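Structure first, commentary second.
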Amino acid sequence: MSRYLVNRRHMLGGMGVLASAGLMGALGARWAQAHIQNQAQVPAQDQAQDVFSARAREDFSKIMSAEQRAEGRRFLKNHPSIDTHAHPGRFFLDGIDAQNPAVKVLGPANVSGVVDDIKTGNVTAAVFSCVADLPLLSVGPQGIRAARDFRPGEAYGEYRRQIGILHAICERGLLSCERTAQGVEAAHRGEKSVCLFGVEGGDFIEDAPERVFAAAKDRVRTIGLVHYHVNQLGDNQTETPVHNGLTDLGRIAVKAMNEAGILIDLAHASEATSRDCLEVSSRPVMLSHTSLQTENVRHPRMITSDHARLVAQHGGAIGVAPWGLGQQNLSDYIDAILAMIEVVGADHVMIGTDMDATYKPVFDNYADWDVLPAALLARGVPRLDVAKVMGGNFLRLLAQVEI
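The number in my numbering is simply the position in the sequence shown, starting from 1, with 87 added.
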């Protein structure tokens, strides 16, 4: 990784001084203190509605030349690019009353505006991820937590509501829905942007694993086993273990996802849950949005190098998120991607922005998508490796799980 990091200040031919990845400042110090207790704590000075706001928007012209950005755009013309996990325009809030606490925290849905950005930025595909436990979530001093359990039938009803929004997006012609790697590649050749459907959290399965097959018929292509609510499938990263890994029902669900051709997502899953899943799954999996723990930042939503290697050793890939955990700007995000490449290799790294629903994002606009390949190329990452990270690895996984 050092051969890339030393080029960090040369994204604009040596001009400009970029903030050090190790200098987190007061904000990072508060996060680091919270991490010791293994809780997803939000800095005390942050109001709930500010948790998901971007940091001060970065002027990329100060760290990247016009030619470098042009090279990024040319790269996107020649290679498919995929965001492995996103909530574009906070689509899951569509139709919810403005007084709803979730709307007050996240802001109203703006699907059409973000879809325009996807097309402007030449993003080939984004995984639009439903939030399975949305009705349960609250944001407070302890960060995002599930404030209660589901009522009978509520989890599946919420799934039906959100998947209906995704179908409506496609029926309205905002984006086409794709299901296969070949379909995504064809969209790229046709210079089109498409979406894939995902679900973040297997809560909707309840005690009926056959719903996995129903989800596949609904065009769902990825399912995360867990989110913030500790569900019936296994433990997550941010709560005290309840199941000590994957449950018996979780094992059945994993096998059902393999059989249904759905790509399993281990984001938010504890390391024990991940390990159990990888022992059961006959197909590779992804971990769609995270980053590596560092000496200064050990937030529970981040993963250890051993955790990352575990996913990679089973043929999987890991999406790196541009969140405000040890990241202050785009260069810090590129550092996080390069750190993951150093640990697991370029064949196992992807882009997973968690767009429009992550903590203090340092990259939050698809219209600027070209800066990602441009920055990686400027650091000296080989073009073939950049192509893998930007989309090739996700397409490989998608093809490997298809039935």
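The beta carbon of each residue, even a glycine, is placed where N, CA and C say it ideally should be.
Everything numeric in this text was worked out from a predicted model, so none of it was measured.
C-beta atoms of Arg177 and Gly200 nearer than 8 Å
The answer is no: Cβ separation not under 8 Å.
State yes or no: is the C-beta of Gln487 nearer than 7 Å to some heavy atom of the ligand GDP? Among the components modelled here there is no ligand, and therefore nothing to report on the ligand GDP.
For this session: Put Thr171 into one of helix, strand or coil per three-state DSSP.
Result: Note: Thr171 maps to strand in three-state DSSP.
Are the region 324-336 and the region 345-363 touching, with three or more C-beta to C-beta distances below 8 Å? Enough Cβ pairs lie closer than 8 Å, so yes.
| said: Taking the straight line between their C-alpha atoms, what separation do you get for Ala395 and Val384? | reply: Answer to the nearest angstrom: the Cα atoms are 16 Å apart.
What number of angstroms, rounded off, separates the C-alpha of Leu110 from the C-alpha of Gly260? Low confidence applies to Leu110: its pLDDT is 24, below 50, so where it sits in the model is not reliable, and the reading given next is rough at best. In this structure, the straight-line span from the alpha carbon of Leu110 to that of Gly260 is close to 45 Å.
Review point. Can you name, in chain order, every residue of its own chain whose Cβ lies under 7 Å from the Cβ of Gly208, other than the five neighbours on each side?
Key: The beta carbon of Gly208 sits closer than 7 Å to the beta carbons of Tyr453, Ala454, Asp455, Trp456, Asp457 from its chain, once the five residues preceding and following it are set aside; these are given in chain order.
Consult DSSP for Ile490 and reduce its assignment to one of helix, strand or coil.
The answer is coil: DSSP assigns Ile490 none of H, G, I, E or B.
Separation of Ala461 from Arg160, as counted between CA atoms
For the pair Arg160 and Ala461, the Cα-to-Cα distance works out to about 8 Å.
(message) Using CA atoms only, rank isn't needed, just tell me which of Ala274, Asp220, His401 is closest to Gln487.
(response) Looking at the Cα atoms, His401 is the closest of the given residues.
Return helix, strand or coil for Asp133, following the three-state DSSP convention.
Legend: pLDDT at Asp133 = 45, less than 50; position of this residue unreliable, value from coordinates given subsequently. The three-state secondary structure of Asp133, taken from DSSP, is coil.
Verify whether the separation of the beta carbon atoms of His275 and Asp441 is less than 8 Å. The answer is no: Cβ separation not under 8 Å.
What first and last residue would you give for the beta strand (DSSP E) that runs through Glu287? Following the DSSP letters along the chain, one finds Glu287 inside the beta strand (DSSP E) bounded by residues 281-287.
Judging by CA-CA distance, which residue of Glu272, Asp294, Thr377, Glu489 is the nearest neighbour of Val436? Nearest C-alpha to Val436: Thr377.
(request) Identify, in the order they occur along the chain, each residue of the same chain with its Cβ nearer than 6 Å to the Cβ of Gln249, setting aside the five sequence neighbours on each side. (result) Phe179, Cys217, listed in sequence order.
Quiz prompt | Endpoints, alpha helix (DSSP H) assigned at Ser418 | solution = Looking at the DSSP string, the run of the alpha helix (DSSP H) that includes Ser418 is 417-431.
Which residues in the same chain have their Cβ closer than 7 Å to the Cβ of Arg306, if we skip the five residues on either side of it in sequence?
-> Cβ neighbours of Arg306 beyond the five flanking positions: Cys264, Arg266, Phe284.
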